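> Just so we're aligned, residue -8 is where the sequence shown starts under my numbering, counting upward by one.
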Amino acid sequence: MSKLGAAHSLPKIVNLQKKVLKYGILGVPFGKGQKKDGVQDGADAIRNSGLLARLQRPGCEVKDYGNVVWPEVQPLQHKFNINNLEHVAACHKEVSRRARAVLHESDVCVALGGDHSLSLGSVDGHAAARGELALLWVDAHADANTPDTSPSGSAHGMPVSLLARELAACWAPVPPLGWLATRLPAKNIAYIGLRSVDEYERILLEKFNITAFTMEDVERLGIASVTAMALQMIDPKLELPLHVSFDIDSLDPLEAPSTGTPVRGGLTLREGLHVMDEAFRTGRLSAVDLVEVNPKIGDQRDVTNTIEAAIKILEAACGHSRRGNYPQ
Ligand SMILES: [Mn+2]
-8 MSKLGAAHSL
2 PKIVNLQKKV
12 LKYGILGVPF
22 GKGQKKDGVQ
32 DGADAIRNSG
42 LLARLQRPGC
52 EVKDYGNVVW
62 PEVQPLQHKF
72 NINNLEHVAA
82 CHKEVSRRAR
92 AVLHESDVCV
102 ALGGDHSLSL
112 GSVDGHAAAR
122 GELALLWVDA
132 HADANTPDTS
142 PSGSAHGMPV
152 SLLARELAAC
162 WAPVPPLGWL
172 ATRLPAKNIA
182 YIGLRSVDEY
192 ERILLEKFNI
202 TAFTMEDVER
212 LGIASVTAMA
222 LQMIDPKLEL
232 PLHVSFDIDS
242 LDPLEAPSTG
252 TPVRGGLTLR
262 EGLHVMDEAF
272 RTGRLSAVDL
282 VEVNPKIGDQ
292 RDVTNTIEAA
302 IKILEAACGH
312 SRRGNYPQ
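1) Compute the beta-carbon to beta-carbon distance between Val129 and Val86, rounded to the nearest angstrom, for a pair I have assumed lies under 8 angstroms.
2) Roughly how far, in whole angstroms, is the beta-carbon of Ala177 from the beta-carbon of Ile201, given that I think they are within contact range, below 8 angstroms?
3) Is Tyr191 helix, strand or coil by DSSP?
4) Within 10 Å of its beta-carbon, does Ile194 have 16 or more other beta-carbons around it, so buried, or fewer, so exposed?
5) Mind checking whether Ile288 and Gly29 have CB atoms under 8 angstroms apart?
6) Any residue with its Cβ nearer than 7 angstroms to a heavy atom of ligand 1 should be included. What is that list in chain order?
7) Sorted by chain position, which residues of the same chain lie with C-beta nearer than 6 angstroms to Val279's C-beta, five sequence neighbours on each side aside?
8) What are the boundary residues of the beta strand (DSSP E) that includes Thr205?
9) Please name the residue, chosen from His311, Asn285 and Ser97, that lies closest to Arg272 on a Cα-to-Cα basis.
10) Let me check understanding here. Comparing Cα to Cα, which of Gln47, Ala81 and Asn72 lies closest to Pro326?
11) For Ala160, which option in Ser143, Asp139, Ile16 and Leu12 has the closest C-alpha, if you only look at C-alpha atoms?
12) Specify, as a first and last residue, the run of the beta strand (DSSP E) that Ala102 falls within.
13) Measuring CA to CA, which of His107, Tyr182, Tyr14 and Ile16 is closest to Thr250?
14) Three-state secondary structure (DSSP) at Lys54?
15) Could you say which of Asp293, Leu264, Glu283 and Val284 lies nearest to Arg313 if we only look at CA atoms?
16) Cβ of Leu336 within 8 angstroms of Cβ of Asp98?
17) Taking buried to mean at least 16 other C-beta atoms within 10 Å of its own C-beta, is Gln31 buried or exposed?
18) Could you spell out the range, first to last residue, of the alpha helix (DSSP H) harbouring Asp290?
19) On the CB-based measure, 16 or more other CB atoms within 10 Å of its CB, does Gly315 come out buried or exposed?
Here it is, written out as structure tokens:
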């Protein structure tokens, strides 16, 4: 069998790691983009399980920037099918500002959720700091409803439609979200892990030709091919900053049960780790979202398993290799 050093990408990692990479952690204790109590406590629950100490390694410096704090909001009369719109808009405007600031001092911004609506802010802040991005959305769901097509009105099911340039024509301007400047080309977006796609989302993904590897594709092609193709398609010239938005519900509920909208038949933790390992190995990973961990769902064992899975994914984002790392 192959020796440890014979694997294809190992020498490249050594080159990349001549530089010490700085990671900034930003907690987003926000859950009003969905309906279940508890997800707002996800960031602190992950931190309190020893996250920072776990992520540190030679070649990787991790700084905690604390939790995002956003201004009090007044209830808003509006016609949009976005629940808690005033809170969503106020929080993620601040997430955007903070993520941008973190990226001025760090190589990588890690946004810890909180629900997936926070990616409105983290992607916007990332784009403000670094320009055009490639976005890899790892999720059981497409999160691509527009305010008009959303069955629930929950903002965590809408961020992709609100961030994608071509989809902007599909929703009327929402004044409280006027700060949201990012319009990512649809060709820069790919999904991995889909298995619960709403009818109108299906139409939008097809219409705008958004790269989507569902669980069926993972089944047929394997996670290694799917990941390589996704990264290639969103950034064919291998030059763009990479944003990985990782919803813990992409993992199978047997691996990560404490989440608000679990769907059976998902990625194994090993498959999730592979995606993040490869994202790190591009050398262009500059933002990660880890969202939808809800420590109020399930029993203690469920919560522990879910947090542990989240930390393992974040370790991979920090370059912890299952092959072992070299000393600096
Ligand atoms: Mn999601």
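From the three backbone atoms N, C-alpha and C, an ideal C-beta is built for every residue, glycine too. In this text, all values refer to a predicted model and were calculated from it rather than measured experimentally.
Let me lay it out:
1) The count along the sequence shown starts at 1 and reaches residue 129 at position 138. The count along the sequence shown starts at 1 and reaches residue 86 at position 95. Not quite, the Cβ-Cβ distance comes to about 19 angstroms (not below 8 angstroms), so this is no contact.
2) The residue given as residue 177 occupies position 186 in the sequence shown. The residue given as residue 201 occupies position 210 in the sequence shown. Right, their Cβ atoms sit about 5 angstroms apart.
3) Your numbering for residue 191 matches position 200 in the sequence shown. If DSSP states are grouped into helix, strand and coil, Tyr191 belongs with the helices.
4) The residue you call residue 194 lines up with position 203 of the sequence shown. Under this definition Ile194 is an exposed residue.
5) Start at 1 with the first residue of the sequence shown, and residue 288 comes out as number 297. Start at 1 with the first residue of the sequence shown, and residue 29 comes out as number 38. Contact: yes.
6) His107, Asp130, His132, Asp134, His147, Asp238, Asp240, Val282 and Glu283
7) One-based indexing of the sequence shown puts residue 279 at position 288. Val101, Val235 and Ala308, listed in sequence order.
8) Within the sequence shown, the letter at position 214 stands for residue 205. Thr202 to Thr205 is the span of the beta strand (DSSP E), which, as asked, contains Thr205.
9) Counted from its first residue, the sequence shown places residue 272 at position 281. Checking every option, the nearest Cα to that of Arg272 belongs to His311.
10) What is shown of the chain runs -8 to 319, which leaves residue 326 out entirely.
11) Counting from one through the sequence shown, the residue named residue 160 turns up at place 169. Ala160 has its Cα closest to that of Asp139, out of Ser143, Asp139, Ile16 and Leu12.
12) For the purposes of this step, residue 102 is taken as residue 111 along the sequence shown, with counting starting at 1. From DSSP, the beta strand (DSSP E) with Ala102 extends over Val99 to Leu103.
13) In the sequence shown, residue 250 corresponds to position 259, counting from 1. Nearest of His107, Tyr182, Tyr14 and Ile16 to Thr250, Cα basis: His107.
14) Residue numbering aside, residue 54 sits at position 63 when the sequence shown is read from its first letter. Three-state result, Lys54: strand.
15) Working through the sequence shown from its first residue, we reach residue 313 at position 322. Ranking Asp293, Leu264, Glu283 and Val284 by Cα distance to Arg313 puts Leu264 first.
16) Examination of residue 336 is not possible in this model, given that the chain is present from -8 through 319 alone.
17) For this step, residue 31 is matched to residue 40 along the sequence shown. Buried, since its Cβ has 16 or more Cβ neighbours within 10 Å.
18) As a first step, residue 290 is located in the sequence shown; it is residue number 299 there, counting from the start. In this chain, Asp290 is not harboured by any alpha helix (DSSP H), its DSSP state being neither H nor E.
19) For the purposes of this step, residue 315 is taken as residue 324 along the sequence shown, with counting starting at 1. Burial call: exposed.
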